[in-house]
Every structure is written in C-alpha cells, then in structure tokens.
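This report concerns only the one structure given below.
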Amino acid sequence: QSLFDALVRRLVENPYDEDALAWAHREGSSDPGAYAGLLEQAAKEAHDRAHACHWFIEAANVYIVLDDFDRARDLMELAVVHDPMSDRAANSLAELHRHRSDIAGLIGSLEVRARLLESLTRNPEAGAKLDSVCEELRKIWAELRAKEQGEPTSEEALRQGPGTLTTPDAVAAMRAYWRLQRIPHQFDAIAPLCRVVERDWGWIFPAPTSPEVAPVGVGPLLISRIDGSCQEMGTAYNEAEFLAKNEEEVLRRYRAGQGFTPWSRRRRF
C-alpha cells in the first residue's frame, strides 16, 4: 500500500514522471487491476483537470483490457466532465458506446458534453466544439429516423419531404422556455414547458427543481437542433412573427395543462 501511495503522490506532483510511470507499469503487468486503481486514484487527486482527464482515460483503457466495460465507461464519463474540451476523452467514450451498440448511451454522453461546453461558450474554441457536438447529434437522429422509416440512409429519408420534425407550437414552446428560464418571476411556467417538450419531442428534458438551479444554456443547444432540422427538411418559420402572435396562447395552454398536436414519431429509447 505504501508503494501504491508513493506512486500516486509522484504522479499527482508530476504527471510526466517517467520513472514513476515505468515503475507503475511494471507493477501493473502482474496486477492490471491494481494498476488501473492507481491511475484512477491519481486522477481523483490530480490538481489539474486536464491531467485528471488524462489519468481517467488511461485507467479506463486498462479496464477495457480487463473486459470491465461498465467501469471503463464510468471513468471515461468522468474524464469528459473534468475536461469537456478534450476531444480524446469524448472520442474514447463515443467509441466505447459504439462498440457496445449503445446508441442511447452515445446520445447521453453527447448531451452531457454539450451542456458542459455551453458553460464555456465565451471561449471561441468551445463554441466550435459545441457546434460539432450538435451536428453529431443531428446526424444520429437523422440515421435513427431513416431506420424507423426503412430508409437505408439519412439523405434518402430527408428527401422524402418535410414530415413532422417540428411544429410552430413546438418551436414557440422552446423559445418560450429559453426566455422564461432567465426571468425569475416566471419560474412556475418552466416546468410545464419541460414536460411537454419531453412528451412531444421524446428528448429527456429535466425540469429545474428551483429557480436557483434552472438549467442556463440548455436553450441554445436545443434551438440549434430545431433550427438544423428545419433547415435540412426545407421547413421555414418566422420565429419573431409566430411568437408575437401565439406566445401568450402557448403559455396559457401549458399552464392549463392542455396539450398540443403530438408528433407522429417520438424520439426516445
């Protein structure tokens, strides 16, 4: 145990300590599980989030060799949380989900990274990465729609015509949510919006539990998806004009618990 602790301390103090790494690797040759645990502990104690991300990935790779894919997934998720800017962490997690044919997990991991990146959007690089994640989500949903419709490719599915990817009511509801979450006195109107968005769109869309924890930034992400869907399907709408005419009615109906025209396809696993 003292050797284990000493190696962890050395790696935390200097992630580039080649002697400590070589020593840990030699010890791990006879006990890979202990080696993975050492790397995981180094990640937990790391002072720098990027270094923590690196050690979580390295530990996850060892667990993959040990066929412990669930543990590997958990550590890769921690890597993404510690450093959402890391393409290596995100790509490793996505590759693991694809290897296991876990599309729901893949979508979930992309959602998490997107929300983390949204908090960093003052960084132009983070904004570019967020755009990339949104595009990846759009492609995944397009492929899923194609499979549901019996089409071999998303492009062929898109050529079928507009379909029911979005409705004016859904667009207005999303825009209303985005606006209302920034107005403290309108908090009571947020939760009903979340419930209907989840029901009609099939996206897991958690309602905040109090004004203090309203999910700031989730609006732009969902809006980018809807805007992308409208564009790819040739569906146009004048958001400002529609909201000016209908937003009051949209909010009234949500508060009253009245529904809107449901989508013909629910995008949920």
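Note that my numbering has the sequence shown beginning at -11, numbered continuously upward.
Quick reminder that beta carbons are idealized off the backbone N, C-alpha and C, glycines included.
Everything numeric in this text was worked out from a predicted model, so none of it was measured.
Straight-line measurement puts the Cα of SER17 at about 41 angstroms from the Cα of LYS127. ALA12 places its beta carbon 7 angstroms or farther from that of ILE45. For secondary structure counted as the alpha helix (DSSP H) over 4 or more consecutive residues, the stretch 43 to 89 holds these complete runs in sequence order: 57 to 70, 75 to 87. In this structure, the beta-carbon distance from LEU63 to ALA47 falls below 7 angstroms. In the DSSP assignment, SER17 falls within the alpha helix (DSSP H) that extends over 6 to 18.
For VAL50, the CB contacts under 7 angstroms within the same chain, skipping 5 residues up- and downstream, are PRO20, TYR23, ALA24, LEU27 in chain order. Sequence-distant Cβ neighbours of ASP7 in its own chain, meaning closer than 7 angstroms and more than five residues away, do not exist here. Annotation: the continuous alpha helix (DSSP H) that includes SER97 extends over 91 to 106. ASP(-7): member of the alpha helix (DSSP H) spanning -10 to 1, first to last residue. Residue burial is scored here from C-beta neighbours: HIS42 has at least 16 other C-beta atoms within 10 angstroms and is therefore classed as buried. Counting of Cβ neighbours within 10 angstroms places GLU83 among the exposed residues, the total staying below 16. The Cβ atoms of LEU105 and ALA116 do not sit closer than 7 angstroms to each other. Within the model, the alpha-carbon separation for LEU9 versus ALA31 is close to 14 angstroms.
The Cβ atoms of VAL0 and GLU33 sit closer than 7 angstroms to each other. In this structure, ARG(-2) lies near ASP5, with their beta-carbon atoms less than 7 angstroms apart. Sequence-distant Cβ neighbours of ASP(-7) in its own chain, meaning closer than 6 angstroms and more than five residues away, do not exist here.
In terms of Cβ geometry, LEU94 and HIS85 form a close pair [threshold 7 angstroms].
Linking TRP129 to VAL(-4) through their CA atoms gives a straight-line distance of about 42 angstroms. Excluding five sequence positions before and after ALA78, the CB atoms of its chain that fall closer than 6 angstroms to its own CB belong to VAL68, ARG101, given in chain order.
Excluding its 5 nearest sequence neighbours in each direction, HIS35 has no C-beta neighbour in its own chain below 6 angstroms. In this structure, DSSP gives ARG37 a helical state, which the three-state scheme calls helix.
In terms of Cβ geometry, ILE52 and ALA40 do not form a close pair [threshold 7 angstroms].
The residue from SER107, ARG103, PRO3, ARG110 with its alpha-carbon nearest to that of CYS122 is ARG103.
When GLN29, LEU54, LEU(-9) are compared, the shortest CA-CA separation from PRO3 is found for GLN29. Per DSSP, reduced to three states, the secondary structure at ARG110 is coil, with no helix or strand assignment.
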